[in-house]
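Chemist: Residue numbers (the working numbering): 43 to 368.
My questions all concern the structure below.
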Amino acid sequence: RPPPQLFCCCSCSRPMPESRRRRPAAAALLFIGAGCFGGVALLPGREGPSAMAVPLRRVLVTGGNKGIGLALCKQLCRDQGFHVLLGSRDAGRGEEAIGSILKEAPQCDGRIELLRIDTSEDASVATAAENVAAKFGTDPAPLYGVVNNAGVGFGRSMADTLAVNTYGPKRVSEAFLPLLCPSTGRIVNIASASGPMYVAGCPPEEAKVLTDPAVMWEQIEALISRALSSSGREAYGFSKACLNAYTVMLAREHPSLCINSCTPGFILTDITRGMGATKSPDEGTKAAIHCLTADLKNDGLYYGSDAVRSPLDRYRGPGDPPYKGP
Numbered sequence: 043r044p045p046p047q048l049f050c051c052c053s054c055s056r057p058m059p060e061s062r063r064r065r066p067a068a069a070a071l072l073f074i075g076a077g078c079f080g081g082v083a084l085l086p087g088r089e090g091p092s093a094m095a096v097p098l099r100r101v102l103v104t105g106g107n108k109g110i111g112l113a114l115c116k117q118l119c120r121d122q123g124f125h126v127l128l129g130s131r132d133a134g135r136g137e138e139a140i141g142s143i144l145k146e147a148p149q150c151d152g153r154i155e156l157l158r159i160d161t162s163e164d165a166s167v168a169t170a171a172e173n174v175a176a177k178f179g180t181d182p183a184p185l186y187g188v189v190n191n192a193g194v195g196f197g198r199s200m201a202d203t204l205a206v207n208t209y210g211p212k213r214v215s216e217a218f219l220p221l222l223c224p225s226t227g228r229i230v231n232i233a234s235a236s237g238p239m240y241v242a243g244c245p246p247e248e249a250k251v252l253t254d255p256a257v258m259w260e261q262i263e264a265l266i267s268r269a270l271s272s273s274g275r276e277a278y279g280f281s282k283a284c285l286n287a288y289t290v291m292l293a294r295e296h297p298s299l300c301i302n303s304c305t306p307g308f309i310l311t312d313i314t315r316g317m318g319a320t321k322s323p324d325e326g327t328k329a330a331i332h333c334l335t336a337d338l339k340n341d342g343l344y345y346g347s348d349a350v351r352s353p354l355d356r357y358r359g360p361g362d363p364p365y366k367g368p
């Protein structure tokens with residue numbers, strides 16, 4: 043029986059040279075190759091199609107120490123075969139989170155590790171990117187994806203909310219863009235249905251900017267400046283609407299990457315505690331996993347919690363028909 047075909051990396055179809063092939067060990071996954079984000083992995087103890095090489099995909103999830111971020115880290119590592127960098131502002135809480143994942147899914151051992159990162163601070167984000175580059179190198183690009191999950195909820199000032207929910211994903215994306223595989227890299231921005239709901243009720247001239255496919259950062263920042271100097275806006279929804287607009291802009295500026303945003307749904311987390319949410323964090327990962335793994339175009343789109351395209355200017359509920367507008 044012929045051996046399974048191996049490839050240089052998960053983003054190309056060139057056969058792997060014999061000199062770089064290895065036999066699978068009896069342990070877990072055997073990682074081979076030197077393409078983007080580290081090559082591919084052989085599933086041991088299998089023959090035929092089930093032994094085919096699978097991509098070794100390394101992904102950073104910010105805010106991975108609790109809630110939806112923790113659930114996403116666990117599922118990506120346990121079910122999707124990712125190597126996960128669990129981003130956490132607090133190193134101790136991050137290590138506790140990894141321990142909880144390994145207790146539940148010991149097969150993740152060796153494929154999940156801590157990356158200390160505070161997305162609200164430029165210096166912390168820059169240091170985190172430097173640490174990833176130092177550990178994994180930059181050629182080939184070490185990352186397949188970045189999930190900008192870290193966020194804050196209701197009841198905070200406009201400035202504090204924007205610093206994490208809008209500027210946080212922006213500074214992380216810009217710092218880690220050089221580390222993403224240039225041909226297959228992905229960025230997923232975790233937004234919220236509060237974003238489209240905010241746009242539905244805001245002034246028309248503001249909605250025009252927040253839904254413009256040609257939006258520029260200067261326009262978004264002008265809205266932010268106005269929001270910081272006035273009152274009356276709901277900070278959380280506004281921050282997520284700005285994040286969606288930034289996603290549109292970022293995708294347009296990086297057409298070789300796949301960059302989209304999504305909402306996890308109304309999930310019981312620290313952000314929604316006491317608000318009537320009943321779904322578990324494990325139920326809030328569907329859209330993010332879809333944006334990371336599905337065969338998508340780079341369109342800067344926004345996906346509902348059911349992983350179906352949704353509009354930027356109004357709420358679309360799970361199970362409703364897909365949005366097919368511009």
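The beta-carbon is built from N, C-alpha and C at its ideal position, and this holds for glycine as well.
The model shown is predicted, which means the values in this text are computed figures rather than measured ones.
1) Determine the direct distance from the alpha carbon of Asn-207 to that of Arg-100, and round the result to whole angstroms.
2) Let me know if Thr-180 comes out buried or exposed under the rule of 16 or more other beta-carbons within 10 Å of its beta-carbon.
3) So does Asn-173 have its beta carbon nearer than 7 Å to some heavy atom of the ligand NAP?
4) Classify Gln-390: buried if its beta carbon has 16 or more other beta carbons within 10 angstroms, exposed otherwise.
5) Pull up the DSSP beta-bridge partners for Leu-156, would you.
6) The alpha helix (DSSP H) spanning Asn-173 covers which residue range?
7) If you count every other CB in all the chains shown that lies within 10 Å of the CB of Lys-177, and 16 or more means buried, which is it?
8) For Arg-351, does the three-state DSSP call read helix, strand or coil?
9) Alpha carbons only, please: which of Glu-163, Thr-169, Asp-164, Ala-147 is nearest the one belonging to Leu-157?
10) Are Ala-183 and Cys-223 closer than 8 Å when you measure CB to CB?
11) Are there three or more Cβ pairs, one per stretch, closer than 8 Å when the region 237-253 is compared with the region 346-362?
12) Distance, Cα to Cα, Trp-259 vs Asp-341?
13) Could you check whether Ala-139 and Asn-107 sit closer than 8 Å to each other, using their CB atoms as the reference points?
14) Just curious, the beta strand (DSSP E) that Cys-300 is in, first and last residue?
15) So Thr-161 packs on Arg-213, CB below 8 Å; how close in whole Å?
16) Can you find the residues in the same chain that come closer than 7 Å, C-beta to C-beta, to Gly-346, ignoring five residues on each side of it along the sequence?
17) Where in the region 191-234 do unbroken runs of the alpha helix (DSSP H), each at least 4 residues long, occur, reported from the N-terminal end onward?
18) Are there 16 or more other CB atoms within 10 angstroms of the CB of Phe-280, so buried, or fewer, so exposed?
19) Give the single residue among Leu-144, Arg-198, Ser-215 whose Cα lies nearest to the Cα of Ala-171.
20) Mind checking whether Ala-283 and Leu-252 have CB atoms under 8 Å apart?
21) Could you have a look at Gly-346 and say whether DSSP puts it in helix, strand or coil?
22) For the alpha helix (DSSP H) holding Val-241, just list the boundary residues, first then last.
23) Assuming the contact rule is C-beta atoms closer than 8 Å, Arg-198 and Ala-277 should be a hit. Round their C-beta distance to whole Å, please.
24) Taking 8 Å as the threshold (C-beta atoms), are Tyr-344 and Ala-233 in contact?
25) Whose CA, out of Arg-120, Ser-130, Gly-123, Gln-122, lies closest to the CA of Val-103?
26) Out of Pro-245, Thr-203, Ala-264, Glu-163, which one is the CA nearest neighbour of Ala-217?
27) Quick check on Phe-196: buried or exposed, where buried means 16 or more other Cβ atoms within 10 Å of its Cβ?
28) Any idea if Gly-326 is buried or exposed, counting beta-carbon neighbours within 10 angstroms, 16 or more meaning buried?
29) So, at 8 Å on beta carbons, what are the nonlocal neighbours of Ala-336 in its own chain, with the 5 sequence-adjacent residues on each side left out?
30) Under three-state DSSP, which class holds Val-188?
31) Comparing C-alpha positions only, which one of Gly-141, Leu-270, Val-230 sits nearest to Asp-202?
32) Look up Arg-99 in the DSSP assignment and give the residues it is bridged to.
33) Measuring straight from C-alpha to C-alpha, what distance separates Ser-126 and Ile-154?
Modeler: Looking at the coordinates:
1) 23 Å
2) exposed
3) As presented, the structure is devoid of all ligands, the ligand NAP included, so that no description of it is given.
4) In this structure the chain extends from 43 to 368, so residue 390 is not present and cannot be described.
5) Leu-128
6) 164-178
7) exposed
8) strand
9) Thr-169
10) yes
11) yes
12) 17 Å
13) yes
14) 300-304
15) 7 Å
16) Thr-305, Ala-329, Ser-352, Arg-358, Pro-360
17) 200-207, 209-218
18) buried
19) Ser-215
20) yes
21) coil
22) 236-243
23) 6 Å
24) yes
25) Ser-130
26) Glu-163
27) exposed
28) buried
29) Ala-349
30) strand
31) Leu-270
32) Phe-124
33) The sequence shown places Val at residue 126, rather than the Ser named in the question. If you take the alpha carbons of Val-126 and Ile-154, they lie about 5 Å apart.
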